[in-house]
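Student: For my numbering, count along the first sequence from 1 and bump the result up by 41.
Supplied in structure tokens, the structure appears directly below.
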Amino acid sequence: MEQKIRHILDAIIQELAAGWGAPVQDLTYDIQVSKDPAHGDYAANAAFKVARQVRKAPKAVAEEIKTAVLARRREKKELAFITRVEVAGAGFLNFYVSQDSVSSLIDVVLRQDERYGESEFGAGKKVVVEFVSANPTGPLTIAHGRQAAIGDSLVRILRHTGHDVTAEYYLNDAGRQMNLLGASVWARYLEEFEMESVFPEDGYHGSYIRDIAKALAAQRKDELLSRSPEEAIQQARLFAGETMMELIRKDLAAIDVSFDHYFSESTLYEKDAVEKTLELLREKGHLYEQDGALWFRSTAFGDDKDRVVKKSTGEYTYLAPDIAYHLSKFQRGFDQVINLWGPDHHSYVTRLKAACQALGYNEKQIHVLIVQLTTLYRGGVQVRMSTRAGEFVTLEALRQEVGPDAARFFFIMRRVETPLDFDLELAKKKSDENPVYYLQYAHARIASLIRFSGRAVPKSADLARLNTPQDLDLIKTISEFPKALVQASQMSEPYRLADYLRELAATFHRFYAHARVVTEDEALTAARLMLVEAARITLRNGLRLLGISQPESM
RNA sequence: GCGCCCGUAGCUCAAUUGGAUAGAGCAUCUGACUACGGAUCAGAAGGUUACAAGUUCGACUCUUGUCGGGCGCACCA
């Protein structure tokens, strides 16, 4: 409906522009469903945007547009759905549309079913979303959990809005941390055989290290004892890495998160990609040597200091493989790169963008979302956590306590960059305080309602019978689903969808309290069944995109 | 010191990226089930959007300054 109105306005503005003697360069303006019934059904702020460009008063422009719309409506039948146009306020254009034009939207929803909400918004855009990317040196924490929930929902939403999306996990399997992991496991392995061992400084102390060592001992027996320490640690490292990745995959699968691709850092070295990337930067003149180290001149791209890529010891810094990794993203044909990082990586954003620009890419192609931390509460009291002592509040423990649906919903219900307070007691409550149940209840209630009707949802009905304010409210809210998804995807903010669904559920519950669906009036019953089914489809599709189950009963 | 982020109802957060009277949930108070699920609905109360100037048809949103809070400023990963 918004699109139909936009189409008309665009044409009219172009036509009128000739008479204004000034060109209208920019045709962006908003059309929204009016919040206040006094503002009609739809409202456009086009007159303001145009007036500025042609140096006229907004109100006068609005009047001209109104007159043109009315004139055109007399000529063209397909504009008959517009019943009234008003100029209000300082120059808003308010459109009133016929009831049957609104109610016919229901047909579209039922026809599209699972595909309802899809759009062409992202057509032709190839996007890679990288998230979680935790080192496989320990179990996933709730911080990873939030990234996983947000990243996965974002991927689903981007897909639903037409993007070609790859979900990717960057596996830091080449660095010092993995060696430490190997050494830690090796030490515990030796202890299993009551051999003397030196636990590495900064090693991993968690009890899961001992579990891995036990598993290693069970599999390899005492075989590794005869190897050289270097080789044994290498073996322990590989074994530990694989074991941890299996656990991580399992933790993620338990909240319905999966990846299309695991990108291994070590493949960068196998293909010599890091050296080649540095070579490329050197050719373009962005590298220089100083104090025996190799520096990247990131200040040329807005960084506040230059960064070392290769230390005087000959080792790469963390930045070097990271640049190579991002180069690979572009080389693989992605034109939009989205990264979800923790707040501890905040300062890396500028230098990474600088590097990508140095390689000839636009900084707008990289979008780094800093996912703020989650603080756990239990009945109003903060749950302390510490990674240093090897005690984690793991994602797995959280999921077991509150369930996958509440976990996913709570993780995404705030803006990405807003720190999240996660109340365990609230997430577990099966009451009206818990927003997850509000959404699921609406879905279950509709399913139950359709069961009660004792018939299949009709394929067609006289939808014009849906004419009460509650009917029309519900229809309009349902019809805003595609727009909500586009907003969520262009802002990279899945919470938008959660917010929309809450609104939809509320509108449905309000409708339900006022309107009876199954009555003796067969025609009205048929139309209302189609309406509630459309609401159910929308809720179901939305919940799916959030990775939350859609119960038929609760 | 420099840079970035934040400050909205008692609490947790929104506000369609500059739009009309700043909205939701929780908490508080008052109501609503003799046909479809009360895990619901209707209503009340709650605000100088930290403060002060500026930009314009229009500012929670943009600019500048002040106050208050957080984070970052490694040849660490």
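Cβ coordinates follow ideal geometry from the N, Cα and C atoms, glycine included.
Among the residues of its own chain, which have a CB less than 7 Å from the CB of D51, if the five just before and after it don't count?
Tutor: Answer for D51: L68, listed in chain order.
Student: Need the endpoints of the alpha helix (DSSP H) that H302 sits in, please.
Tutor: Element bounds for H302: not the alpha helix (DSSP H) but the beta strand (DSSP E), H302 to S305.
Student: Apply the 10 Å Cβ neighbour rule to L414 and answer buried if 16 or more other Cβ atoms are within range, or exposed otherwise.
Tutor: By the neighbour-count rule (16 or more Cβ atoms within 10 Å), L414 is not buried but exposed.
Student: Residue ranges of each alpha helix (DSSP H) run of no fewer than 4 residues wholly in the stretch 221-261, ordered along the chain?
Tutor: Qualifying alpha helix (DSSP H) stretches, in chain order: 248-261.
Student: Given G5, which residues of its chain have a CB within under 6 Å of its CB, disregarding the five upstream and five downstream residues?
Tutor: Absent from the structure is residue 5, since the part of the chain shown begins at 42 and ends at 595.
Student: If you draw a straight line from the C-alpha of V91 to the C-alpha of A575, how long is it?
Tutor: If I take the Cα positions, the gap works out to 37 Å.
Student: Among the residues of its own chain, which have a CB less than 6 Å from the CB of E432, if the five just before and after it don't count?
Tutor: Because the pLDDT at E432 is just 46, under 50, the model does not fix this residue reliably, and the value given afterwards should be weighed accordingly. So no residue of the chain qualifies.
Student: How far does the alpha helix (DSSP H) with H608 in it extend, from its first residue to its last?
Tutor: The chain is shown from 42 up to 595; residue 608 falls before or after that span and cannot be answered.
Student: Tell me whether V422 is buried or exposed, calling it buried when 16 or more other Cβ atoms sit within 10 Å of its Cβ.
Tutor: V422 should be labelled exposed.
Student: Determine the burial state of A564: buried for a count of at least 16 other Cβ atoms within 10 Å of its Cβ, exposed for fewer.
Tutor: The residue is exposed, with fewer than 16 neighbouring Cβ atoms inside 10 Å.
Student: With distances taken Cα to Cα, identify the nearest neighbour of N220 among L120, Y357 and Y245.
Tutor: For N220, the nearest C-alpha among the options comes from Y245.
Student: Which partner residues of V196 appear in the DSSP bridge assignment?
Tutor: V196 pairs with nothing; no bridge assigned.
Student: What's the C-alpha gap between D148 and A98?
Tutor: Near 41 Å, if we compare the C-alpha coordinates of A98 and D148.
Student: How many Å lie between R251 and R229 at the Cα?
Tutor: So the alpha carbons of these two residues sit roughly 6 Å apart.
Student: Decide if S489 is buried, meaning its Cβ has at least 16 other Cβ atoms within 10 Å, or exposed.
Tutor: That one is exposed.
Student: Would you identify the three-state DSSP class for T509, choosing helix, strand or coil?
Tutor: The answer is coil: DSSP assigns T509 none of H, G, I, E or B.
Student: For V558, name the three-state secondary structure that DSSP assigns.
Tutor: The answer is coil: DSSP assigns V558 none of H, G, I, E or B.
Student: Give the range of the beta strand (DSSP E) segment to which E161 is assigned.
Tutor: Here E161 belongs to no beta strand (DSSP E), and DSSP marks it neither H nor E.
Student: Closer than 7 Å to a non-hydrogen atom of the ligand NAD - does that hold for the CB of Q511?
Tutor: The ligand content of the structure shown is nil, which means the ligand NAD is not present either.
Student: Could you give the residue range of the alpha helix (DSSP H) that holds T340?
Tutor: Careful: T340 lies outside any alpha helix (DSSP H) and carries neither H nor E.
Student: Taking only runs that begin and end inside the stretch 519-588, name each unbroken alpha helix (DSSP H) of 4 or more residues, in chain order.
Tutor: Correct list: 522-532, 536-555 and 563-587.
Student: Beta carbon of R392, beta carbon of S339: below 8 Å?
Tutor: Yes.
Student: When burial is assigned at 16 or more other CB atoms within 10 Å of the CB, is A430 buried or exposed?
Tutor: The predicted model places A430 with a pLDDT of 41, which falls under 50 and marks its position as unreliable, so this point remains unresolved.
Student: How would you call E534, buried or exposed, if buried means at least 16 neighbouring beta carbons within 10 angstroms?
Tutor: Classification for E534: buried.
Student: Pop quiz: A215 and Y310 are said to be a contact at Cβ under 8 Å. What is the actual Cβ separation, rounded to whole angstroms?
Tutor: Indeed, because the Cβ distance is near 6 Å, the residues count as touching under 8 Å.
Student: How long is the line joining the alpha carbons of D376 and F337, rounded to whole angstroms?
Tutor: The straight-line gap from Cα to Cα measures roughly 24 Å.
Student: Count the CB pairs spanning the stretch 261-271 and the stretch 282-295 that are closer than 8 Å, and state whether there are at least three.
Tutor: Too few Cβ pairs lie closer than 8 Å, so no.
Student: Is the separation between the beta-carbon of T124 and that of S145 shorter than 8 Å?
Tutor: It is not a contact, given that the beta carbons lie outside the stated cut-off.
Student: Would DSSP call A129 helix, strand or coil?
Tutor: Strand at A129.
Student: Okay, do the stretch 517-533 and the stretch 190-209 touch, 3+ Cβ pairs below 8 Å being the bar?
Tutor: Touching, yes, given that three or more Cβ pairs across the two stretches are closer than 8 Å.
Student: Name the residue from D446, A497, P499 and G383 whose alpha carbon lies nearest to the alpha carbon of P476.
Tutor: Considering only alpha carbons, the answer is D446.
Student: If you measure between the beta carbons of D154 and I491, is that distance less than 8 Å?
Tutor: It is not a contact, given that the beta carbons lie outside the stated cut-off.
Student: Given a cut-off of 8 Å, decide if V102 and A84 are closer than it, judged by their beta-carbon atoms.
Tutor: Cβ distance not < 8 Å, so A84 and V102 don't count as in contact.
Student: Does E171 come out as helix, strand or coil in the three-state DSSP assignment?
Tutor: Strand at E171.
Student: In three-state DSSP terms, what is A314?
Tutor: The answer is helix: DSSP assigns A314 an H, G or I state.
Student: By DSSP, does S590 sit in helix, in strand, or in coil?
Tutor: Reduced to three states, the DSSP call for S590 is coil.
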